[in-house]
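Quick note, the numbering used here runs 19 ahead of the 1-based positions in the sequence shown.
Where a beta carbon is used, it is the ideal one built from N, C-alpha and C, also for glycine.
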Amino acid sequence: MMTMLDEQSVKRLAYIRMLYEQGVSQARQPLPMGSSSLLSLHDAVEMFLVLTCDVRSVPVDKNTTFLDYFKKAKDLSGAAGMRRLNDARNGLKHAAGLPSADTVEQAVRDTFAFFDDNVPRVFDAPLWSVDTSYVIPQEEVRKWVSRASERFEADQGGAGLALLQLALLTTLRDPSWPYGSLLSKISRRETHLRKLSGTFRKIFDRSNFHVGEFSGQLDRLDDTVGALQDAMQWLVLGGSLHHYARFQALTPRNIFWGGDHEDEAAMERVLTSRDVVGRKPTREEFEFCRQFVVTTSLRKADIDAHVVPPSWRASDGG
20 MMTMLDEQSV
30 KRLAYIRMLY
40 EQGVSQARQP
50 LPMGSSSLLS
60 LHDAVEMFLV
70 LTCDVRSVPV
80 DKNTTFLDYF
90 KKAKDLSGAA
100 GMRRLNDARN
110 GLKHAAGLPS
120 ADTVEQAVRD
130 TFAFFDDNVP
140 RVFDAPLWSV
150 DTSYVIPQEE
160 VRKWVSRASE
170 RFEADQGGAG
180 LALLQLALLT
190 TLRDPSWPYG
200 SLLSKISRRE
210 THLRKLSGTF
220 RKIFDRSNFH
230 VGEFSGQLDR
240 LDDTVGALQD
250 AMQWLVLGGS
260 LHHYARFQAL
270 TPRNIFWGGD
280 HEDEAAMERV
290 LTSRDVVGRK
300 PTREEFEFCR
310 QFVVTTSLRK
320 ADIDAHVVPP
330 SWRASDGG
């Protein structure tokens, strides 16, 4: 029985897809860290089973178990694979039984097959067509991630990566990190060291070895300060530095995002530049970068929700 997708269902499917992709990412980690993938995959499947019963108005109660859903939605396939997933997850969570690498790999395959067959069966649309940007709380960030997905599906993967880079920059440039706090200081990227280096080269004899060496050291110091600021931001966000390093390696480096992102002509010049066009990401690489932006935006929203300005500033709107 097929159901039309409404906005609320799309949002729930976007979250389900995000959980699934989180589980797949966790499964790539070495054991025992990869064991946690079973929890994420199980949660994703269970949320879809609940959603299926909701949209079909199938009654469930608090005593309904994971496998009971297959009795209530009898047209769903993959019950055997989900039984394996459920057994492995319960063994980990309730009996502290660490899974083998084969068990984790099987769980990923079973979960993919479950979603691949059943989401179109219920909603007449594949889970992979649901944009995870729906779960992003920041409106402008959500817009750029959505556009990035459109570009990737239009076989413009490099442009998609560039727009994900813009989405991440938009997340971190959000002016709500402030009150003269550590957060605003470490997110400030203007050190003027490179400008000072250029000034030295202009004023003094460029052929002088010591001038060139000093100027080069200023450039390296500027790079180091920038890298430390990046690292500090990810520590504050609770993010993964090696994930950020991979994001940086995949996204274009030789482009500059100016302030006016609504200038379509300027945007196209960036998106058709050599460094952008030359990047041909696989779907896994693009999904990794998109998931990285989604996760970062959610971490940022969580921080914003817990940052309370001093009372004297809150009262005067400062």
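Can the beta-carbon of T190 be found less than 7 Å from the beta-carbon of V154?
For the 7 Å CB-CB criterion, T190 and V154 do not form a contact.
If you reduce the DSSP assignment to three classes, tell me which class F85 lands in.
Three-state result, F85: coil.
Distance between G235 and D241 (C-alpha atoms, nearest Å)
In a straight line, the C-alpha of D241 is about 10 Å away from that of G235.
Cα-Cα separation between S152 and A120, rounded to whole angstroms
Linking S152 to A120 through their CA atoms gives a straight-line distance of about 31 Å.
In angstroms, rounded to a whole number, what distance separates the CA positions of K30 and E65?
As the crow flies, the alpha-carbon of K30 is around 16 Å from that of E65.
With respect to the alpha helix (DSSP H) encompassing K112, which residues constitute its N-terminal and C-terminal limits?
In the DSSP assignment, K112 falls within the unbroken alpha helix (DSSP H) covering 98 to 114.
Since R318 and L247 are thought to touch, with beta carbons under 8 Å apart, how far apart are those beta carbons, to the nearest angstrom?
Separation of the CB atoms of R318 and L247 is rounded to 20 Å, and the pair is thereby denied contact status at 8 Å.
Three CB pairs or more closer than 8 Å across the region 174 to 182 and the region 298 to 306:
With three or more CB-CB distances shorter than 8 Å, the region 174 to 182 counts as touching the region 298 to 306.
Output the distance between the C-alpha atoms of M52 and F89, rounded to the nearest integer angstrom.
Each residue's alpha carbon lies about 30 Å from the other.
Find the nearest neighbour of S54 within the set T130, N273, A126, judged by alpha-carbon distance.
Here the closest residue by C-alpha is A126.
Cα-Cα separation, D129 to T314:
Whole-angstrom Cα-Cα distance: 25 Å.
Taking the alpha helix (DSSP H) that H325 belongs to, which residues open and close that run?
302 to 325 is the extent of the alpha helix (DSSP H) around H325.
Inter-stretch contact at 8 Å, needing at least 3 Cβ pairs: the region 277 to 295 / the region 130 to 138
Taking a cut-off of 8 Å on C-beta distances, the region 277 to 295 does not touch the region 130 to 138, as fewer than three cross pairs fall below it.
Could you check whether T122 and A107 sit closer than 7 Å to each other, using their CB atoms as the reference points?
In this structure, A107 sits near T122, with a CB-CB distance shorter than 7 Å.
DSSP three-state call for Q125: helix, strand or coil?
Shown here, Q125 sits in a helix according to DSSP, grouped into three states.
If you draw a straight line from the alpha carbon of R293 to that of Y34, how long is it in whole angstroms?
Each residue's alpha carbon lies about 35 Å from the other.
Of the residues Y263, D238, R239, which one's Cα is nearest the Cα of A250?
When only C-alpha atoms are compared, the closest one is Y263.
What residue range is occupied by the uninterrupted alpha helix (DSSP H) comprising K30?
In the DSSP assignment, K30 falls within the alpha helix (DSSP H) that extends over 26 to 46.
Applying the 10 Å Cβ sphere with the 16-neighbour rule, what's the burial state of D150?
Its Cβ being crowded by 16 or more others within 10 Å, D150 is buried.
Could you pull the start and end residues of the alpha helix (DSSP H) that A167 belongs to?
Annotation for A167: the continuous alpha helix (DSSP H) segment containing it runs 158 to 172.
If you draw a straight line from the alpha carbon of E172 to that of L237, how long is it in whole angstroms?
In a straight line, the C-alpha of E172 is about 43 Å away from that of L237.
Tell me whether the beta-carbon of L32 lies closer than 7 Å to the beta-carbon of H61.
Not closer than 7 Å, so no.
Does the beta-carbon distance from A144 to V164 come in below 7 Å?
At the C-beta level, A144 and V164 stay beyond 7 Å of one another.
My output table needs one value for W331: the three-state DSSP class, helix, strand or coil.
Helix.
Is it buried or exposed, F275, if we count other Cβ atoms within 10 angstroms and call 16 or more buried?
So F275 ends up on the exposed side.
Contact check, S59 vs L38, beta carbons under 7 Å:
For S59 and L38, yes; Cβs fall inside 7 Å.
Distance, Cα to Cα, L146 vs A320?
If I take the Cα positions, the gap works out to 25 Å.
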